[in-house]
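Step one of this worksheet: look at the structure below.
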Amino acid sequence: MTEIPILTLLIVIPAVFAGLIGLMSAESRESIRAVALVGTLVTFGASLAILPGFAVGEPGFQLVESAPWIPAWGVTYLVGVDGVSLLLVLLTTFIMPLVVLAAWDHEAGAKGFFASLLGLQAAMVGVFVALDLILFYVFFEVMLVPMYALIGIWGGANRRYAAVKFFLYTLVGGLLMLVAILYLYFAAGAQSFAYEAILGVELSTTEQTWLFLAFFAAFAIKVPLFPVHTWLPDAHTEAPTVGSVILAAVLLKIGGYGFLRFSLPYFPEASTTLAPPILVLAIVGILYGALVAMMQSDIKKLVAYSSVAHLGFVVLGIFALDVTASAGAVVQMVNHGITTGALFLLIGFMYDRTHSRVIADYSGLMKATPVFGGLFLVTAMSSVALPGLNGFVGEFPILLGTFQTYPWAAIAAVFGVILAALYLLWAYQRMFHGPIEGRAEGMTDLNAREIGVMAPLVILMVAIGLYPQPLYERVTPTVEAIVIGVEEAGVATEEPGDLSVEAAAEEDSQ
Amino acid sequence: MTTTIATYTGVYGMPEAGSAIDLAWLIPVVPAVSAAVLLLIGKRLGRYAAHVAILAIGFSAVASTIAFTELLALPEEARSVISPVATWLEVGDFEVAWSILIDPLAAVMLLLVTWVGLLIHVYSIGYMEGDERYSRFFAYLNLFAASMLVLVLGDSFLTLFVGWELVGLSSYLLIGFWFEKRAYATAAKKAFVVNRIGDVGFMIAMFLVFSATGSLAFAEVLPMAPEIASGTAVAIGLLLLVAAAGKSAQIPLFVWLPDAMAGPTPVSALIHAATMVTAGVYLVARVSPIYATVPGVGLTVAWIGVATALLAALIACTQNDIKKILAYSTVSQLGYMFIGVGLGAQVAGVFHLLTHGFFKALLFLAAGSVMHAMADETNPWKMGGLRKVMPITFATSLLGWLAIAGLPPFSGFFSKEEILVAALDPPGAQGIWVIGTIVAGLTAFYMSRWFFLIFLGPKRYEQELPGVHPHESPPSMTLPLVLLAVGSAAGGLLNATPASLLRFWDPETSFLSSFLAPSVVPYYGDTPFIPHVPAVAIVTAVAVAGVAAAWALYLREGVDHVALRERLGGFYQLSYQRFYVDELYEATLERGGRGLANAFTTFDRVVVDGAVNGIGRGVAGLATVGRRVQTGYVRSYALAVAAGTVLLAAIFLGGLLNGQG
Amino acid sequence: MTAMAVPLGWYLGLAAALFVIGLVGVLVRRSLIVMFMSIELMLNSVNLTLVAFSRFHGTLDGQVMAFFVMVVAAAEVTVGLAIIVNLFRLKASSDADDVDVLKA
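Laid out in structure tokens, this is it:
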């Protein structure tokens with residue numbers, strides 16, 4: 000039906016611009032960054048064109064494009080979006096121009112740097128729109144390369160270690176997933192690698208469990224879930240600002256996305272039985288991440304651990320197997336992208352000026368740099384889920400929904416709310432309050448470009464906080480279909496008595 | 000005595016289009032917008048920032064008044080009006096709207112918040128003059144007012160919670176307004192975090208409410224209250240109590256309020272006396288249909304209230320900081336309000352909330368006026384004899400003092416007595432009356448001490464604070480004092496008509512009792528009205544005794560205070576050191592939490608990350624062993640290849656033969 | 000199956016013998032040139048096998064395959080000799096055991 004293949008364009012445009020930068024002279028830094036900005040802006044504009052064509056309230060895939068790729072092996076080029084991936088695609092395309100603008104003054108190896116950013120964007124969009132498992136896997140792994148470069152080349156002092164750790168972790172998870180994908184195709188007899196073809200594969204309980212665990216490994220590492228989270232603080236600390244922003248805003252979302260896209264629909268039975276232990280891991284992540292965050296002396300590491308805690312909420316919502324909670328989890332992924340992205344940007348702006356991320360090096364920033372202080376406070380409040388800002392409208396439905404299915408999990412997770420306030424406000428108090436001392440002395444306030452980068456983010460925080468319906472309208476139908484699918488499968492296996500009645504009723508109606 | 004539980008017949012109407020009630024959403028929105036404007040461009044407005052802020056809150060005050068009169072004009076059973084504004088959240092079965100609920104309870108709170116708020120805005124013109132963040136202060140005040148109005152007007156648990164949290168944020172900003180001082184910033188954080196502990200209770204209560212009723216809107220939940228399983232209702236009641244204890248500074252979460260005095264004095268008056276801290280009382284009154292189904296929980300609320308009242312009053316007796324005394328007095332008075340709402344006498348509780356709003360705001364502003372005159376000194380022992388120098392502050396404080404001391408016919412007398420009388424009837428509450436009476440005596444004592452030390456006696460400041468020449472404050476500060484003094488003196492009329500002064504609050508003729516009736520459910524519905532004259536007389540006598548004791552100790556000459564303190568020994572120390580509650584929390588919660596966090600951090604580095612790096616090192620170790628195979632001699636490689644081939648061939652051939660055989 | 004003047008087993012025996020001679024040559028000799036010739040010997044033993052089977056089955060597949068092997072062998076000789084010549088220039092020796100830079 001599509002006249003213009005928008006989704007393909009979203010992958011191709013950044014890739015083309017990356018290639019364009021590759022052709023440019025390494026000396027012309029100004030024109031390179033301008034091309035990068037134009038590239039990301041064009042992509043963002045193109046991504047907005049999805050919205051009118053996207054029917055709100057439809058659970059399934061829309062704007063599907065397909066082309067044969069390797070027909071002999073059942074591999075197709077198949078892309079499309081549903082409510083969940085739509086938001087994540089838009090988040091990606093929205094963040095990237097800001098990222099380029101934030102890195103405006105980047106100097107070392109600008110050509111490779113900006114080309115990596117654009118290449119990364121192409122892969123990230125690809126991951127979210129791919130509807131063929133091999134295609135998904137390709138994008139999933141391709142993404143690693145520019146990110147590895149961003150950390151390993153343009154990172155901090157300990158960048159090698161962090162980059163390798165990031166790479167190995169993701170690769171190990173990815174390989175397990177690849178094995179599971181191949182098993183689904185060969186052993187379980189799927190006819191192709193297309194998303195929906197594999198949906199129809201019949202699996203025994205044992206098969207489901209093992210395959211679920213293989214996919215789970217890949218996504219749990221990406222999220223990251225306790226105890227496979229330790230690559231994240233290192234990667235965040237060593238990555239350049241924009242690397243951290245992309246990592247937090249987009250890359251971590253692939254885990255949650257994968258759970259919703261693959262784990263739940265493909266392995267409903269295993270998802271149901273394994274949900275409680277996963278919830279426990281999520282809760283441990285929430286509380287543990289928060290407590291560890293409290294003790295960090297490096298503000299960037301603190302935010303990294305806060306990500307562990309926040310994404311624990313996301314996993315909690317997804318595996319609560321409740322519509323409200325899961326929809327909340329998707330919105331919370333977007334919120335976390337905006338908020339934590341903003342926090343990393345702010346920390347980056349500060350680091351550019353003073354070259355320190357040590358909390359103890361600062362005091363009285365609120366007085367020295369009021370605009371910076373104000374924006375940081377708003378962002379921190381969004382991060383601690385203050386009602387009226389975006390964090391709350393994601394977190395609250397997660398907790399409320401989780402309470403309906405697993406009350407103990409919700410109650411345990413609520414305590415994370417206090418801890419979030421503790422560690423962020425404590426850090427805020429140490430850095431921003433008090434008399435001007437240390438590196439705060441003589442620090443200049445944000446300039447117009449930096450305020451320009453922050454403004455869209457802050458506006459979104461408030462707008463989503465007050466009126467999140469545009470997000471929920473699109474997400475809820477998709478999530479509802481997924482959760483109902485899991486519930487039905489759960490009923491079918493756990494309560495055969497009910498099944499016979501329902502099945503009979505269904506047969507009658509047909 | 001009967002224990003019949005009255006049922007709540009909530010009927011909610013829609014507002015007439017174009018009426019003030021219909022447009023009530025503007026009441027919080029205007030100050031919110033003003034706050035945003037002031038934050039963005041306030042610096043450029045200079046002194047006019049105050050005018051913008053006052054205009055905004057003034058608008059809300061006038062609009063609230065119009066809405067109130069409109070409500071009065073409606074028939075009694077149609078006085079609960081919901082005006083929908085917009086949808087907010089709609090996720091699966093879960094729906095919450097931005098809607099405004101105006102009923103008598105909300106209307107009364109609206110008036111208190113907006114008008115006292117307005118007076119404090121006006122007062123701040125003078126008080127904050129010359130501050131480098133002048134416009135930001137007014138922005139925060141506006142933000143606070145807007146938050147409190149959201150809290151009052153919210154039509155569901157969740158919208159109330161929005162206001163609840165935003166109030167916490169505004170409080171954080173205002174307490175830490177002079178954040179250059181580390182102690183102030185710490186106090187701000189403490190307030191926010193302690194409030195958040197209470198919020199956990201609120202959130203879990205909301206989950207339970209939603210599980211039980213499928214909704215969070217008051218209009219749907221409250222009429223269903225009797226259908227909630229009693230176990231659930233008990234849990235909801237207790238959890239909401241935790242929330243209310245956090246916001247209203249009750250045991251065990253009262254520790255933040257005295258520290259909150261770090262904020263500028265108008266903030267103490269607005270937030271920590273008149274409005275924010277009353278939110279917990281408001282919440283308990285708001286959900287009275289739920290408490291009505293489980294009166295035992297209400298009794299717990301009341302006991303917490305009276306325990307807090309006693310503890311705080313004991314502490315207030317020995318503090319040497321005029322704002323701290325008022326802070327502990329606030330905690331203590333909030334305890335009274337909890338007794339009221341806990342025992343199902345919500346009208347009495349809300350009545351005390353209102354009168355306390357007047358006289359405590361007055362006393363705080365008067366304290367601010369004194370500090371303004373004394374170069375920010377807060378130790379009353381360095382003051383004395385300010386009666387002549389600050390006549391308006393003195394006269395208004397006098398009325399505030401009489402009101403809080405509970406002497407007739409000032410406002411505090413009526414509201415306090417009404418609460419205590421409520422404790423006479425319900426089973427298991429008589430002890431509350433006894434302790435409440437003692438607290439009334441203590442209140443009269445410490446407030447008299449406060450008043451006498453500041454305004455009467457010799458002018459100690461001439462020696463203690465050389466160079467300080469106290470003077471009366473500017474009109475922008477004294478005018479609010481005068482207006483609040485009128486309220487403090489005459490506030491009792493809200494629920495006690497002059498014609499029935501001896502009969503006190505006659506439900507038939509008293510204004511508040513009849514006006515609030517549709518909003519609240521008294522738990523002990525059929526209790527006949529009894530004047531309880533002897534009881535009232537006893538309480539009043541105790542209060543007078545408190546005043547007399549203070550007079551004997553602090554106005555008579557020749558009392559050796561040092562010797563007295565030594566004679567009291569441990570008791571004095573216990574009270575002066577605030578019963579070591581802060582130290583206790585620090586030793587247990589704070590140090591425990593920090594220890595846990597440290598342990599986890601070490602665990603993360605050593606065990607979790609250690610395992611990862613261990614795997615890495617393990618692989619490297621294996622490789623060290625494995626690399627010995629690499630001799631570098633081509634021939635040994637070739638031999639390995641040949642041997643491998645032979646091996647494979649053998650295996651395949653073996654398999655082939657086996658397969659055939 | 001076509002009848003063969005010389006039975007298949009003889010061919011295979013000869014090929015196996017050639018292969019073993021080549022293999023032993025590679026393993027025991029140290030001169031790179033000799034090792035290289037031994038490898039050629041092994042390749043040709045395989046060629047012999049291929050052709051023998053091709054004749055035995057009466058199809059051309061094996062002979063085609065033998066041509067492939069020859070082409071690859073020719074390419075290998077080119078590259079291999081180039082490597083040996085370069086090594087000799089570098090180390091002034093054609094002894095395989097003198098080249099152990101890959102030793103761990």
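Line order of the protein sequences matches chains A, B and C. Quick note on numbering: numbering that gives the first Met the number 0 labels position 321 of the first sequence as 320, and the sequence is numbered without any gaps. Quick note on numbering: numbering that gives the first Met the number 0 labels position 435 of the second sequence as 434, and the sequence is numbered without any gaps. Quick note on numbering: numbering that gives the first Met the number 0 labels position 48 of the third sequence as 47, and the sequence is numbered without any gaps. Cβ atoms here follow ideal geometry from the backbone N, Cα and C, with glycine treated the same way.
Nearest CB-CB separation between Pro476(A) and chain B: not below the 8 Å threshold.
The DSSP-derived three-state label of Tyr290(B) is helix.
The C-beta of Val100(C) comes closer than 8 Å to at least one C-beta of chain B. One Cα belongs to Glu164(B), the other to Ile463(A), and the distance between them is close to 17 Å.
Closest option to Val611(B), judged by alpha-carbon separation, among Gly347(A), Thr229(A), Gln190(A): Thr229(A). For Gly617(B), no CB of chain A lies under 8 Å from its own CB, so it is not counted at the interface with that chain. For Glu15(B), DSSP assigns no beta-bridge partner whatsoever. With contacts defined as CB atoms closer than 8 Å, Ala439(B) and Val543(B) fail to qualify as a contacting pair. Chain order gives the chain A residues near Lys188(B) as Leu424, Trp425, Gln428, where near means a beta carbon separation below 7 Å.
As the crow flies, the alpha-carbon of Ala162(A) is around 28 Å from that of Phe43(A). Each residue's CA atom was taken as its position, placing Glu463(B) and Lys180(B) some 25 Å apart.
The region 221-240 of chain B makes no contact with the region 110-129 of chain B, as fewer than three CB pairs between them are under 8 Å.
Contact between Gly197(B) and Leu252(B) holds: their C-beta atoms lie close to 6 Å from each other, under 8 Å. A straight-line Cα-Cα distance of about 41 Å links Leu385(B) and Leu39(B). If you compare the alpha carbons of Asp99(C), Leu11(C), Leu101(C) with that of Arg54(C), the shortest gap goes to Leu11(C).
Looking at Leu452(B), Ala145(B), Thr264(B), the one whose alpha-carbon comes closest to that of Ala360(B) is Thr264(B). Taking 8 Å as the upper bound for CB-CB distance, Arg352(A) and Lys299(A) are not in contact here, some 15 Å apart. Secondary structure at Ser24(A): coil, using DSSP grouped into helix, strand and coil.
Nearest CB-CB separation between Phe215(A) and chain B: not below the 8 Å threshold. Within the same chain, Cβ atoms closer than 8 Å to the Cβ of Asp21(B) are found at Pro14, Glu15, Ser82, the five residues on either side in sequence being excluded. Nearest CB-CB separation between Met202(B) and chain A: below the 8 Å threshold. Between Ser306(A) and Ile358(A), the C-beta gap is not smaller than 8 Å, which leaves the two residues out of contact. Per DSSP, the continuous alpha helix (DSSP H) segment holding Val561(B) begins and ends at 560-567.
Close CB contacts of Arg32(A) within its chain, under the 8 Å cut and outside five residues either way in sequence, are with Val99, Ala102, Trp103, His105, Ala109, Phe113 (chain order). The residues Ser59, Ala60, Ser63, in chain order, have a CB closer than 6 Å to that of Thr113(B) in the same chain once the five nearest residues on each side in sequence are set aside. When beta bridges are read from the DSSP output, Ile101(B) appears opposite Val80(B). Exclusion of the five residues before and after Gly200(B) leaves Leu238, Val241, Ala242 as the residues of its chain whose Cβ lies within less than 6 Å of its Cβ.
The three-state secondary structure of Gln61(A), taken from DSSP, is strand. Close partners of Arg195(B) in chain A (Cβ separation under 7 Å): Val416, Ile417, Ala420. Within the DSSP secondary-structure output, Ile69(A) pairs in a beta bridge with Val74(A). Taking CB atoms only, Val25(C) has a neighbour in chain B less than 8 Å away. Beta-bridge pairing by DSSP links Glu89(B) to Glu94(B). Of the other Cβ atoms in all chains shown, 16 or more fall within 10 Å of the Cβ of Phe127(A); this residue is therefore buried.
Within chain B, the residues whose beta carbon sits less than 8 Å from that of Val413(A) are Val199, Met202, Ile203, listed in sequence order. Check the Cα spacing between Val5(C) and each of Ile32(C), Phe52(C), Arg28(C): the tightest is with Phe52(C). In this structure, Val369(B) sits near Thr392(B), with a CB-CB distance shorter than 8 Å.
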